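Visitor:
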Amino acid sequence: MPPVSSPGDNGWTPDQPLVRLMDVRKSFGELEVLKGVSMDVAKGEAVCIIGPSGSGKSTLIRCINALVPIDSGTIRVEGQEVNDPELDKLTLRRKVGMVFQQYNLFPHRTALQNVMMAPIHVLKQDKKEVEARARALMAKVRLSGKENAYPGELSGGQQQRVAIARALAMRPDVMLFDEVTAALDPETVKEVLVTIRELAEEGMTCILVTHEMGFAREVADHVYFTDAGLIVEHGPPASFFSDPRDPRTREFLGQIL
Amino acid sequence: MAMDAISHWFLELYETTGINLTIVYDAYDRKRFLSGLGMTVYLSVVCILISIAIGMVGAWAQGSPLRVVRGLVNGFVVVFRNTPPLVQIFFFYFGLGQILPRIEDADGMRVPILTNVQWAIVSLSLFAGAFNVEIFRSGIEAVPRTTTEAAQALGYTRFGIYRHVLLPLAVRICLPALNNNLVNLLKTTTLAYAIAVPETLYVSKQIWTDSQNVPVMMIVLLCVYTALVGILVFIMHRWEKALAIPGYGQGGAR
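Line order of the protein sequences matches chains A and B.
Every letter in the first sequence is one number past the one before it in the numbering used here, and letter 172, counting from 1, is 172.
Plus 1000 on top of the position in the second sequence (first one is 1) and you've got the numbering used here.
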């Protein structure tokens, strides 16, 4: 089992940014999607990334757990370099939980099994202990009683909450949410947002790519606006939404609000 | 005795109609035929299991980051898919079997390393395995890329993803195609006849040579293979049902 990285083993202390991006660049072929993005996320912070489609939001968030390798710049999670070729990806990914737009549950396993799989297979944890934790997580996302349902038998909102429980079962230090309500019916969006809000309020570090402006305004500690591969503007939601400085932010917010 | 009564009835059937089922009333022919049937079942079961294992391992190796490994698997598939199975059996038994050194058996006799039955198993398993590699690959490719990504994000290794996510889903997707190939494999075991493996066709030929009942034995053969394939298909359908996932694909209704 890899050693659990504790603050200090690479000089990182909890008062430093938990996630730090410095001048990150990424191109897909000719298309430069990220043109030098920098951001810091402190422990316990909830950060929302908003911006028009194709502005690089999803790529940005997927770089943080190395699903997308970056071309240049650095990303550090708890001081650990994400793009270090020597890096054991497992060490990184057990710190970083991720929830996707399309839920991506494993359809051949029940809801409870989906939550239990990775801790057992990847972390080699005791099955009994994992099951107790998984049941508690199912209750936390308000899905008690749905443990034995298969993903195909659950609504989109329920599946997405199972996906959140599945990510939490790995006990991550930071959660990434990639447009997690974009594929949901309007009436089920709320149940998922409530779950995320509770997480943020409990002090989980959250990075969300979202189109839910109301949610960003209420829950986020910090809002970033991306356009054409750059962070155009960022700030606390109060000033960001009421007094945007950049004309591109103003135009975007004008269209959406 | 019931057996005697049955034997008597079939003997009478022969005398009155000319339908000569020696395999029922003649103890020696019956024994020969049953042992041939047993050999067919043995070849089929062993080759099915080995060929499925080849398919699973081959499809895994096809996703290897190493080009050499991918090349080897693709080469294997091309060779065994593009050549006739009878030629493959001859190649192994007469070609490779001749080249390989002989070993001494318990009685001090110089014997080939593999018997004709073993060569038939090797040859037929590789033949069906090559198709199974492609069948499993088609199943794996049908699993959405995003499902794999979710497993990656949870820290699964490439092998962990294959074992716990890709393969279980791929098997469900490719079962109908796998079904077809295994049915083909069962029927192709008759080619082992060519290297004197005493399976059903081979013993039937011995029986009809001795008893001069070719048309009757032909019909028996057709019935036997129809029944054997029927049993295999039944088992495969049961497996398919057991693997069905509620709310997913054909498992829609619970």
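Glycine is no exception: its CB is placed at the ideal position from the N, C-alpha and C atoms.
The model shown is predicted, which means the values in this text are computed figures rather than measured ones.
(1) Measuring only between beta-carbons, confirm whether residue 153 of chain A sits less than 9 Å from chain C.
(2) Given this structure, state the Cα-to-Cα distance separating residue 1059 of chain B from residue 129 of chain A, to the nearest angstrom.
(3) Identify each residue in the stretch 107-130 of chain A for which the Cβ-Cβ distance to at least one residue of chain B is less than 7 Å, and report them in chain order.
(4) Spatial neighbours of residue 1197 of chain B within its chain, please: CB distance less than 8 Å, with the 5 preceding and 5 following residues excluded, ordered by chain position.
(5) Closest to residue 1212 of chain B by C-alpha separation, out of B:1148, B:1022, B:1012, B:1009, would be which residue?
(6) Counting only Cβ pairs nearer than 8 Å, list the residues of chain A close to residue 1245 of chain B.
(7) Using only the alpha-carbon positions, how far apart do residue 1252 of chain B and residue 34 of chain A sit?
(8) Starting from residue 1241 of chain B, follow the alpha helix (DSSP H) in both directions and report where the run begins and ends.
(9) Return the chain-ordered list of same chain residues with a C-beta closer than 7 Å to the C-beta of residue 122 of chain A, the five sequence neighbours on each side being excluded.
(10) Using 8 Å as the threshold, is the stretch 1217-1231 of chain B in touch with the stretch 1143-1152 of chain B, meaning 3 or more CB pairs across them?
(11) Name the residues in the stretch 1168-1189 of chain B whose C-beta lies less than 8 Å from a C-beta of chain A; which are they?
(12) Quick one: is residue 1154 of chain B near chain A, going by C-beta distance under 9 Å?
(13) Quick one: using the 10 Å Cβ neighbour count with 16 as the cut-off for buried, is residue 3 of chain A buried or exposed?
(14) For residue 73 of chain A, I'd like the list of residues in its chain whose CB is within less than 6 Å of its CB, leaving aside the five on either flank, ordered along the chain.
(15) When the Cα of residue 29 of chain A is compared with those of A:206, A:71, A:199, A:145, which residue comes out closest?
(16) Quick one: residues in its chain with C-beta nearer than 8 Å to the C-beta of residue 1161 of chain B, no 5 flanking neighbours on either side, listed in chain order?
(17) Which ranges would you report for the alpha helix (DSSP H) in the stretch 1106-1175 of chain B if only whole runs of at least 4 residues count?
(18) Quick one: any contact between the stretch 1128-1140 of chain B and the stretch 1046-1058 of chain B, if contact means 3 or more CB pairs under 8 Å?
(19) Is it true that the CB of residue 225 of chain A sits closer than 9 Å to the CB of residue 193 of chain A?
(20) Let's test the definition: count the other Cβ atoms within 10 Å of the Cβ of residue 1 of chain A and tell me whether it reaches 16, buried, or not, exposed.
(21) Using the beta-carbon of each residue, which ones in chain A are nearer than 7 Å to residue 1141 of chain B?
(22) How about the stretch 1173-1187 of chain B and the stretch 136-155 of chain A: do they share at least three Cβ pairs that are nearer than 8 Å?
(23) Thinking C-alpha only, which one of B:1035, B:1026, B:1175, B:1136 is nearest residue 1236 of chain B?
(24) Distance, Cα to Cα, residue 218 of chain A vs residue 241 of chain A?
(25) Closest by CA to residue 1124 of chain B, which one among B:1165, B:1113, B:1191, B:1066?
(26) Is the Cβ-Cβ distance between residue 176 of chain A and residue 199 of chain A less than 9 Å?
(27) Where does residue 62 of chain A land, buried or exposed, given buried means 16+ other C-beta within 10 angstroms?
Guide: Reading off the structure:
(1) Here chain C cannot be found, since the structure's protein chains are A and B.
(2) Position 59 of the second sequence, counted from the start, is the residue given in the question as residue 1059 of chain B. Position 129 of the first sequence, counted from the start, is the residue given in the question as residue 129 of chain A. Looking at the two C-alpha atoms, the distance is approximately 35 Å.
(3) 107, 108, 117, 118, 121, 122
(4) For this step, residue 1197 of chain B is matched to residue 197 along the second sequence. 1039, 1043, 1116, 1117, 1120.
(5) To locate residue 1212 of chain B, count along the second sequence from 1; it is residue 212. For the residues B:1148, B:1022, B:1012, B:1009, the minimum Cα distance to residue 1212 of chain B belongs to B:1022.
(6) Taking the first residue of the second sequence as position 1, residue 1245 of chain B is located at position 245. Against chain A, a Cβ distance below 8 Å from residue 1245 of chain B picks out 107, 108, 150, 152.
(7) What you label residue 1252 of chain B is simply residue 252 of the second sequence in a count that begins at 1. What you label residue 34 of chain A is simply residue 34 of the first sequence in a count that begins at 1. Low confidence applies here, because residue 1252 of chain B scores a pLDDT of 45, under 50, leaving its location unreliable and the question unanswered by this model.
(8) Residue 1241 of chain B sits at position 241 when you count from the first residue of the second sequence. Here the alpha helix (DSSP H) through residue 1241 of chain B covers 1214-1243.
(9) Position 122 of the first sequence, counted from the first residue, corresponds to residue 122 of chain A. Once the five neighbours on either side are set aside, the close Cβ partners of residue 122 of chain A are 90.
(10) No, they do not touch.
(11) 1168, 1169, 1172
(12) Residue numbering aside, residue 1154 of chain B sits at position 154 when the second sequence is read from its first letter. Taking Cβ atoms only, chain A reaches closer than 9 Å to residue 1154 of chain B, which makes this a yes.
(13) Counted from its first residue, the first sequence places residue 3 of chain A at position 3. The pLDDT assigned to residue 3 of chain A is 47, lower than 50, so where the model puts this residue is not dependable, and the model offers no usable value.
(14) For this step, residue 73 of chain A is matched to residue 73 along the first sequence. Excluding residues within five positions, the ones whose Cβ falls inside 6 Å are 22, 23, 24, 25.
(15) Reading the first sequence from its first residue, position 29 is the one you call residue 29 of chain A. Residue 29 of chain A has its Cα closest to that of A:71, out of A:206, A:71, A:199, A:145.
(16) Stepping through the second sequence from its first residue, residue 1161 of chain B is reached at position 161. Counting only Cβ-Cβ distances below 8 Å, and skipping sequence neighbours, we find 1148, 1151, 1152.
(17) Residue ranges of uninterrupted alpha helix (DSSP H) with 4 or more members, entirely inside the stretch 1106-1175 of chain B and ordered along the chain, are 1116-1142, 1145-1153, 1158-1161.
(18) yes
(19) The count along the first sequence starts at 1 and reaches residue 193 of chain A at position 193. The count along the first sequence starts at 1 and reaches residue 225 of chain A at position 225. No, Cβ-Cβ distance for residue 193 of chain A and residue 225 of chain A is not below 9 Å.
(20) By one-based count along the first sequence, residue 1 of chain A stands at place 1. Reliability of the predicted coordinates at residue 1 of chain A is poor, the pLDDT of 44 falling under 50, and the value obtained from them is presented with this limitation in mind. With a threshold of 16 other beta carbon atoms within 10 Å, residue 1 of chain A falls short and is exposed.
(21) Indexing the second sequence from 1 puts residue 1141 of chain B at position 141. Residues of chain A passing the Cβ test: none, with the nearest at roughly 16 Å.
(22) Contact fails: fewer than three Cβ-Cβ distances are below 8 Å.
(23) Translated into positions along the second sequence, residue 1236 of chain B becomes position 236. If we check each option's Cα against that of residue 1236 of chain B, B:1175 comes out closest.
(24) For the purposes of this step, residue 218 of chain A is identified with residue 218 of the first sequence, where counting begins at 1. For the purposes of this step, residue 241 of chain A is identified with residue 241 of the first sequence, where counting begins at 1. So the two alpha carbons sit approximately 11 Å from each other.
(25) The count along the second sequence starts at 1 and reaches residue 1124 of chain B at position 124. When each option's Cα is compared against that of residue 1124 of chain B, the closest is B:1191.
(26) For this step, residue 176 of chain A is matched to residue 176 along the first sequence. For this step, residue 199 of chain A is matched to residue 199 along the first sequence. Taking a C-beta distance under 9 Å as the contact criterion, residue 176 of chain A and residue 199 of chain A do not qualify as a contact pair.
(27) Residue numbering aside, residue 62 of chain A sits at position 62 when the first sequence is read from its first letter. Under this definition residue 62 of chain A is a buried residue.
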